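Mapping to the numbering used here: the sequence shown position 41 is 26, numbers consecutive. Take a look at the structure below.
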Amino acid sequence: MTGRRVVAQGTFDILHPGHVHYLREAAARGDELHVIVARRENVSHKAPPVLPNRQRRDVVSALAVVDHARVGHPRDFFVPIEEIAPDVIVLGHDQHHDADAVRGRLAERGIDCEVTRASALGPRYPEERLSTGEIVDRVVETRGETE
(Lines of atoms letter the chains of each structure in order from A and count residues from 1; the text may use other names and numbers.)
(Lines give C-alpha, C1' and ligand atoms only; values in the text may rest on other atoms or scores of the structure.)
Protein backbone atom coordinates (compact mmCIF):
# COMPACT_ATOMS: atom_id res chain seq x y z
CA MET A 1 0.00 0.00 0.00
CA THR A 2 1.29 3.46 -0.82
CA GLY A 3 -0.03 6.83 0.23
CA ARG A 4 -0.10 8.88 3.38
CA ARG A 5 1.37 6.83 6.25
CA VAL A 6 0.06 7.43 9.75
CA VAL A 7 1.60 6.23 13.02
CA ALA A 8 -0.33 5.76 16.25
CA GLN A 9 1.32 4.38 19.35
CA GLY A 10 0.29 3.32 22.82
CA THR A 11 0.11 0.56 25.38
CA PHE A 12 -3.27 -0.82 24.25
CA ASP A 13 -3.71 -2.99 27.33
CA ILE A 14 -7.24 -4.40 27.59
CA LEU A 15 -8.60 -2.83 24.42
CA HIS A 16 -11.60 -0.54 25.01
CA PRO A 17 -13.73 2.00 23.08
CA GLY A 18 -11.25 4.82 23.77
CA HIS A 19 -8.53 2.87 21.95
CA VAL A 20 -10.87 2.13 19.04
CA HIS A 21 -11.80 5.83 18.79
CA TYR A 22 -8.12 6.84 18.77
CA LEU A 23 -7.19 4.32 16.08
CA ARG A 24 -10.18 5.18 13.89
CA GLU A 25 -9.33 8.86 14.13
CA ALA A 26 -5.67 8.17 13.33
CA ALA A 27 -6.61 5.98 10.35
CA ALA A 28 -8.83 8.75 8.97
CA ARG A 29 -5.76 11.01 8.66
CA GLY A 30 -4.10 8.89 6.01
CA ASP A 31 -4.13 5.84 3.79
CA GLU A 32 -2.08 3.38 5.83
CA LEU A 33 -2.18 3.05 9.64
CA HIS A 34 0.88 1.70 11.44
CA VAL A 35 0.47 1.07 15.17
CA ILE A 36 3.42 0.79 17.55
CA VAL A 37 2.52 -1.10 20.73
CA ALA A 38 4.67 -0.09 23.71
CA ARG A 39 6.81 -2.79 25.27
CA ARG A 40 5.91 -3.63 28.85
CA GLU A 41 9.40 -2.68 30.05
CA ASN A 42 9.06 0.78 28.50
CA VAL A 43 5.78 1.67 30.23
CA SER A 44 6.91 3.73 33.21
CA HIS A 45 4.35 6.55 33.33
CA LYS A 46 1.51 4.31 34.59
CA ALA A 47 0.89 0.79 35.87
CA PRO A 48 2.51 -1.88 33.70
CA PRO A 49 0.31 -3.67 31.18
CA VAL A 50 -1.56 -6.78 32.29
CA LEU A 51 -1.30 -8.47 28.89
CA PRO A 52 1.94 -9.50 27.16
CA ASN A 53 3.43 -7.45 24.32
CA ARG A 54 2.57 -9.86 21.51
CA GLN A 55 -1.01 -10.35 22.68
CA ARG A 56 -1.62 -6.61 22.75
CA ARG A 57 -0.08 -6.30 19.27
CA ASP A 58 -2.21 -9.18 17.94
CA VAL A 59 -5.45 -7.69 19.28
CA VAL A 60 -4.64 -4.26 17.80
CA SER A 61 -3.67 -5.89 14.51
CA ALA A 62 -7.08 -7.59 14.31
CA LEU A 63 -8.87 -4.23 14.06
CA ALA A 64 -9.99 -3.44 10.51
CA VAL A 65 -8.61 0.12 10.61
CA VAL A 66 -5.07 -1.12 11.37
CA ASP A 67 -2.86 -1.98 8.40
CA HIS A 68 0.30 -2.87 10.35
CA ALA A 69 1.00 -3.36 14.06
CA ARG A 70 4.33 -4.01 15.74
CA VAL A 71 5.82 -4.04 19.21
CA GLY A 72 8.06 -1.03 19.83
CA HIS A 73 11.83 -1.01 20.06
CA PRO A 74 13.28 -2.14 23.41
CA ARG A 75 15.22 1.08 23.97
CA ASP A 76 14.47 3.73 21.37
CA PHE A 77 10.94 5.01 20.74
CA PHE A 78 12.02 6.52 17.41
CA VAL A 79 13.54 3.45 15.69
CA PRO A 80 10.19 2.09 14.40
CA ILE A 81 9.21 5.61 13.34
CA GLU A 82 12.39 5.86 11.26
CA GLU A 83 11.59 2.49 9.66
CA ILE A 84 7.97 3.42 8.88
CA ALA A 85 8.79 6.95 7.62
CA PRO A 86 5.32 8.34 8.41
CA ASP A 87 3.71 11.46 7.05
CA VAL A 88 1.87 12.02 10.32
CA ILE A 89 2.07 10.82 13.92
CA VAL A 90 -1.16 10.97 15.88
CA LEU A 91 -0.71 11.06 19.64
CA GLY A 92 -3.50 9.86 21.89
CA HIS A 93 -5.49 12.58 23.63
CA ASP A 94 -4.17 11.55 27.05
CA GLN A 95 -0.67 10.39 26.17
CA HIS A 96 2.14 11.87 28.22
CA HIS A 97 4.24 12.79 25.16
CA ASP A 98 4.58 16.52 24.49
CA ALA A 99 3.87 17.14 20.78
CA ASP A 100 6.49 19.90 20.50
CA ALA A 101 9.15 17.71 22.14
CA VAL A 102 8.31 14.87 19.74
CA ARG A 103 8.60 17.27 16.79
CA GLY A 104 12.00 18.39 18.05
CA ARG A 105 13.29 14.83 18.46
CA LEU A 106 12.03 13.95 14.98
CA ALA A 107 13.79 16.98 13.49
CA GLU A 108 17.04 15.95 15.22
CA ARG A 109 16.79 12.63 13.37
CA GLY A 110 15.90 14.22 10.05
CA ILE A 111 12.32 12.94 10.10
CA ASP A 112 9.88 15.41 8.60
CA CYS A 113 6.33 14.58 9.55
CA GLU A 114 3.28 16.20 11.07
CA VAL A 115 2.59 15.54 14.76
CA THR A 116 -0.98 15.95 15.95
CA ARG A 117 -3.15 14.81 18.83
CA ALA A 118 -6.37 12.80 18.67
CA SER A 119 -9.57 14.00 20.31
CA ALA A 120 -10.98 12.48 23.48
CA LEU A 121 -13.98 10.20 23.51
CA GLY A 122 -16.42 10.93 26.31
CA PRO A 123 -18.52 8.19 27.88
CA ARG A 124 -21.64 7.49 25.85
CA TYR A 125 -23.46 5.96 28.81
CA PRO A 126 -22.82 6.13 32.57
CA GLU A 127 -21.15 2.74 33.07
CA GLU A 128 -18.88 2.89 30.00
CA ARG A 129 -15.21 2.44 30.92
CA LEU A 130 -12.77 4.35 28.70
CA SER A 131 -9.46 3.59 30.36
CA THR A 132 -7.66 0.37 31.14
CA GLY A 133 -7.15 1.53 34.73
CA GLU A 134 -10.91 1.99 35.16
CA ILE A 135 -11.53 -1.48 33.71
CA VAL A 136 -8.97 -3.11 36.02
CA ASP A 137 -10.45 -1.26 39.02
CA ARG A 138 -13.92 -2.46 38.03
CA VAL A 139 -12.72 -6.07 37.69
CA VAL A 140 -11.16 -5.94 41.16
CA GLU A 141 -14.31 -4.33 42.59
CA THR A 142 -16.63 -6.85 40.92
CA ARG A 143 -14.65 -10.05 41.39
CA GLY A 144 -12.43 -9.17 44.32
CA GLU A 145 -8.69 -9.63 44.40
CA THR A 146 -7.43 -13.19 44.24
CA GLU A 147 -4.22 -14.38 45.76
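Positions of the beta carbon are idealized from the N, C-alpha and C atoms, including for glycine. Quick caveat: nothing in here was measured; it's all calculated off a predicted structure.
With a 10 Å radius around the Cβ and a threshold of 16 neighbouring Cβ atoms, Val(-9) comes out buried.
In the DSSP assignment, the residues bridged to Gly(-5) are Val22. Judged by beta-carbon spacing, Leu76 lies within the 8 Å limit of Ala103, meaning their Cβ atoms are closer than that value.
From the listed residues Arg60, Ile66 and Asp61, the smallest Cα separation to His53 is found for Ile66.
Ile21 is positioned such that its CB atom lies closer than 8 Å to that of Arg55.
Taking C-alpha positions only, Thr117 is separated from Asp(-2) by approximately 6 Å.
In this chain, the alpha helix (DSSP H) harbouring Leu91 covers Ala84 to Glu93.
Among the bridge pairs identified by DSSP, Glu10 is matched with none.
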